[in-house]
Amino acid sequence: MRRRVNIKQHDRTDCAAACIASIAGWYGYSIPLTIIREASGTGAYGTTIKGILDACREIGFMAKGYKSEGGDTTPLLGLGSPAILHIIKENGDLHFYVLYKIKGKKAIIMDPAEGRRIKKDINKLQQEWSGYLVIMRPDPDLTQFRGKRGHFLKYASILSLTWRDYTLSLAGAAAYIVAGICTALFLQHIIDNVLPAGDMAALGFTGALMILVMAAALFVGYGQMIFTLRAGITIDSNIILKYISHLFSLPAGFFKGRGAGELNSRIGDSMSIRSFLIEGVTTILTSVLTLVVSFILMFSFYWKLALMTLAFIPLFCTVYIIAGKVNRKVNREIIESAAEFEEKSVEGISSIKVIKYFGNGEHYYRNIERQYVKLADKLYRGGRYSGIFATSADAVSRVLTICLILGGSLFIFKGELSVGELVSFYSLSSFFSGPLSQLVRLTDDMAEFRTASERIFEILDLQSEGGEFIPYTLDKCEEIRFQNVEFAYPGCEPLLSDFSITIPKGKITAIKGASGCGKSSLASLLMRDYKVQKGKITLGDTDINLIDINKWRDYISIVPQDADLISGTILENITCYDPEPDVERVIAILEELGMRGFISELQMGLLTRTGEHGCRISGGQRQRIALARVLYRDPFIYILDEATSSLDSESQDFILRKLKDLRDKGKTVILITHNEENALIADNTITMSAHS
2 MRRRVNIKQH DRTDCAAACI ASIAGWYGYS IPLTIIREAS GTGAYGTTIK GILDACREIG
62 FMAKGYKSEG GDTTPLLGLG SPAILHIIKE NGDLHFYVLY KIKGKKAIIM DPAEGRRIKK
122 DINKLQQEWS GYLVIMRPDP DLTQFRGKRG HFLKYASILS LTWRDYTLSL AGAAAYIVAG
182 ICTALFLQHI IDNVLPAGDM AALGFTGALM ILVMAAALFV GYGQMIFTLR AGITIDSNII
242 LKYISHLFSL PAGFFKGRGA GELNSRIGDS MSIRSFLIEG VTTILTSVLT LVVSFILMFS
302 FYWKLALMTL AFIPLFCTVY IIAGKVNRKV NREIIESAAE FEEKSVEGIS SIKVIKYFGN
362 GEHYYRNIER QYVKLADKLY RGGRYSGIFA TSADAVSRVL TICLILGGSL FIFKGELSVG
422 ELVSFYSLSS FFSGPLSQLV RLTDDMAEFR TASERIFEIL DLQSEGGEFI PYTLDKCEEI
482 RFQNVEFAYP GCEPLLSDFS ITIPKGKITA IKGASGCGKS SLASLLMRDY KVQKGKITLG
542 DTDINLIDIN KWRDYISIVP QDADLISGTI LENITCYDPE PDVERVIAIL EELGMRGFIS
602 ELQMGLLTRT GEHGCRISGG QRQRIALARV LYRDPFIYIL DEATSSLDSE SQDFILRKLK
662 DLRDKGKTVI LITHNEENAL IADNTITMSA HS
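In terms of our numbering, the sequence shown opens at residue 2 and continues consecutively.
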């Protein structure tokens, strides 16, 4: 039976992705929002309808867009399946709903902004609807994403890495609790048996036994802390390093439009996962154990008081359920706001020179301040809710205590209960109300854990670049052919249509054209940052996508338009952290590029640190270091994307002479340029136009 699936968007741009995920869930497919975002080209301004169609095609769904003239809702009555509606809100914001059904004068929709189904008046919906809708259905052969996507096996895999420490930690926590329960039993024995008899020997023996149990509990508690610490470090290391490793395996196109601050903020999410897996799960298991043991003992003391205690469980459960629902929503908002604040801060600090040059520091600071105020407001709201639920649980616990004392006193008057039993029962009641209160407080951590898991695993679920490769030897220069290539960024109009060119081997090919015509995109396709939608790019007769991507990037290299250096030394930047760098070869390359004088003037020479993104050296020097880095790799194909744009005429001459030298050695050079003089050295010129 199909069910309506509620999906809450992660941020204000995610509404279309959440709608696609909701309808996919209705058909029985579980698809992470991040995969849909990537396929739809969701950006700072959201998703286009074309982006929705592109995403559906990419994930294996058939989709078609429709337009209702005048926003007439009559055609919606006959829909037999859910549809995505394009909405224009009263404030002018664009949005998407999922329409599941129209019943009478009400439309049942899923609003991703709220993450739940709501009933909306049909006339109100007609006012909001732009008239555009998308209907999507799964391809009959689609098997990927089938079934509900859970993370249980992933958590089990993480815990298996530290199962010994984790098990010992759980055992230690359980032993510590048992030792606490023993104290209540000792107390009952002393009050009911030892004190009335005036038996000093029994008192001494009981006291010695209590000291022994306490010492054992302290020893076990210390051991539990050590085991917990070791397990936590192991889990942190596994998740953080796996996340960073996976980031390095993703296509370069994934990072377009994503800030380092936003991606870096997810490392903190791994700590929330660790905290819950180690401390939260331990709390749950030990709380359950404590409840079971304390219940057995309470029933053995006096079953009437035990039943009275049992009657308070529904109150605790009510607080727990409400707290879980509220905290999950609030924690998602807090984590997303924190990520936005971190991204804004990192962006501002890294661009502080530009901001100051244009006298815009105060304005940018205000933007960061507004982001922090937004975060602080959500933190306050979250803390207030946590306080309300914690106070509610504490209130239920205190009422229970009062009822136990008053009820127990009445049973003592009737002779049905001894004073020692009541005191012990009162002590045991803390082992009942305490765990339940802990479980209520844990809902906040659980909500944070679920949100953190979604944010981490939605990245880890993304497919790494590469795929199936064929054995191929890359030991000579061959021509490159674009054969009837069609390419568009997701959600955008085609940039290349039926595009066919040949780049001859061992020649300099200049690629010219107006800004935005696709020259840099052509370079990105050659570097395999993206895949073409139609046609293919071949090296000789072999599709480049069938060649191992690491071998391919040894074969071809690029000097990008914006030379981005690593925060290291000049030597490390040129050799890309080669463990055994050929310093003599580096010096020879610098000589060829006319950089020997520049390096010799630096106090630390090649060991001079470039700073973050090369901020300690000039733009022209960064460009030449980027070229030196490519020359050090010595590939067969060189791509220079406006690589001389930041250089003076003398430096350009050095580079142009070097390009001729590379051609004479049989290398292929692709020169993307606006400079007509630079293009004169080319053996072959390709002029591109918009939608080539």
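Note that the Cβ used here is the ideal one computed from N, Cα and C, for glycine as well. Here the structure is a predicted model, which is why all the values come from computation and not from measurement.
- [ ] Note down the Cα distance separating Tyr67 from Val135, rounded to an integer number of angstroms.
- [x] Linking Tyr67 to Val135 through their CA atoms gives a straight-line distance of about 6 Å.
TODO: Measure from the C-beta of Leu311 to each C-beta in chain C and report whether the shortest distance is under 8 Å.
DONE: Considering every chain present, this structure includes no chain C. It has just one protein chain.
Task: Collapsed DSSP secondary structure at Leu160 in the structure displayed - done: The answer is helix: DSSP assigns Leu160 an H, G or I state.
Task: Terminal residues of the alpha helix (DSSP H) in which Ser393 lies - done: Gly362 to Phe414
Task: Per DSSP, the bridge partner or partners of Met63 - done: Arg138
Task: Assumed close pair Tyr556, Gly254 - CB separation to whole angstroms, cut-off 8 Å - done: Not confirmed; about 20 Å, so no contact.
- [ ] Could you check the C-alpha separation between Met2 and Ile241 for me, to the nearest Å?
- [x] A caution first: Met2 carries a pLDDT of 44, below 50, which makes its placement in the model too unreliable to give a value.
Open item on the list: Tell me the DSSP secondary structure of Phe500 in three-state form.
Closed with: strand
- [ ] Count the other C-beta atoms from every protein chain shown that fall within 10 angstroms of the C-beta of Met689, then say buried if there are 16 or more, exposed otherwise.
- [x] buried
Task: Alpha-carbon spacing of Gln127 relative to Thr74, whole angstroms - done: The alpha-carbon separation between Gln127 and Thr74 amounts to approximately 6 Å.
- [ ] Look at the Cβ atom of Cys20, then the Cβ atom of Ala114, and state whether they are nearer than 8 Å.
- [x] no
Task: alpha helix (DSSP H) segment containing Ser558, residue limits - done: Here Ser558 belongs to no alpha helix (DSSP H); instead the beta strand (DSSP E) covers Ile557 to Val560.
Task: For Thr688, the first and last residue of its enclosing beta strand (DSSP E) - done: Asn685 to Met689
Task: Extent of the continuous beta strand (DSSP E) run through Asp122 - done: Arg117 to Asp122
TODO: Name the residue from Asn328, Asn368, Lys330 and Ser646 whose alpha carbon lies nearest to the alpha carbon of Val347.
DONE: Asn368
Task: Close beta carbons around Leu547, own chain, < 8 Å, minus the five adjacent residues each side - done: Glu469, Phe470, Ile471 and Tyr473
Task: At least three beta-carbon pairs within less than 8 Å, the stretch 531-546 to the stretch 487-501 - done: yes
Open item on the list: Which residues does DSSP list as the beta-bridge partners of Ile673?
Closed with: Ile512 and Asp642
- [ ] Flag this pair as yes or no: are the beta carbons of Met447 and Gly281 separated by less than 8 Å?
- [x] yes
Open item on the list: Under 8 Å, with one C-beta from each stretch per pair, do the stretch 59-66 and the stretch 91-104 reach the 3-pair mark?
Closed with: Taking a cut-off of 8 Å for Cβ pairs, the stretch 59-66 and the stretch 91-104 do not touch, as fewer than three such pairs fall below it.
Open item on the list: Would Asp270 and Ile37 be called neighbours here (beta carbons separated by less than 8 Å)?
Closed with: no
Open item on the list: Using 8 Å for Cβ pairs, my map puts Thr669 next to Lys520. What's the rounded Cβ distance?
Closed with: Contact flag wrong, Cβ pair sits at about 17 Å.
Open item on the list: Within 8 Å, do at least three Cβ pairs link the stretch 336-343 to the stretch 401-420?
Closed with: no
Task: Leu188, DSSP secondary structure in three states - done: helix
Open item on the list: Count Cβ pairs between the stretch 571-589 and the stretch 286-303 that sit closer than 8 Å; are there 3 or more?
Closed with: no
Open item on the list: According to DSSP, Gln484 sits in a beta bridge with which residue or residues?
Closed with: Answer is Lys537, bridged to Gln484.
TODO: Would you mind working out which of Leu78, Ala18 and Ile406 sits nearest Leu54, comparing C-alpha positions?
DONE: Ala18
Task: Backbone secondary structure at Val294 - three-state DSSP - done: Reduced to three states, the DSSP call for Val294 is helix.
- [ ] Could you tell me whether the stretch 42-49 touches the stretch 8-15, where touching means 3 or more Cβ pairs closer than 8 Å?
- [x] yes
Task: Exposed unless 16 or more other CB atoms sit within 10 angstroms - verdict on Gly606 - done: exposed
TODO: Assign Met2 to one of three DSSP states: helix, strand, or coil.
DONE: Per-residue confidence for Met2 stands at a pLDDT of 44, beneath the threshold of 50, marking its modelled position as unreliable; the derived number appears in the next sentence. Reduced to three states, the DSSP call for Met2 is coil.
Task: Helix, strand or coil at Gln127 according to DSSP, with G and I counted as helix - done: helix
TODO: Since I believe Asp684 is in contact with Ala524 (beta carbons under 8 Å), could you give me their beta-carbon distance rounded to a whole number of angstroms?
DONE: Incorrect: roughly 19 Å between the Cβ atoms, too far for contact.
- [ ] Please report how far the alpha carbon of Ile682 lies from the alpha carbon of Arg664, in whole angstroms.
- [x] For the pair Ile682 and Arg664, the Cα-to-Cα distance works out to about 10 Å.
TODO: Enumerate in chain order the residues of its own chain whose CB-to-CB distance from Ser430 is below 6 Å, with the five nearest sequence positions on each side excluded.
DONE: Leu405
TODO: Note the first and the last residue of the continuous beta strand (DSSP E) segment covering Leu572.
DONE: Note, Leu572: premise wrong, no beta strand (DSSP E); alpha helix (DSSP H) at Ile571 to Thr576.
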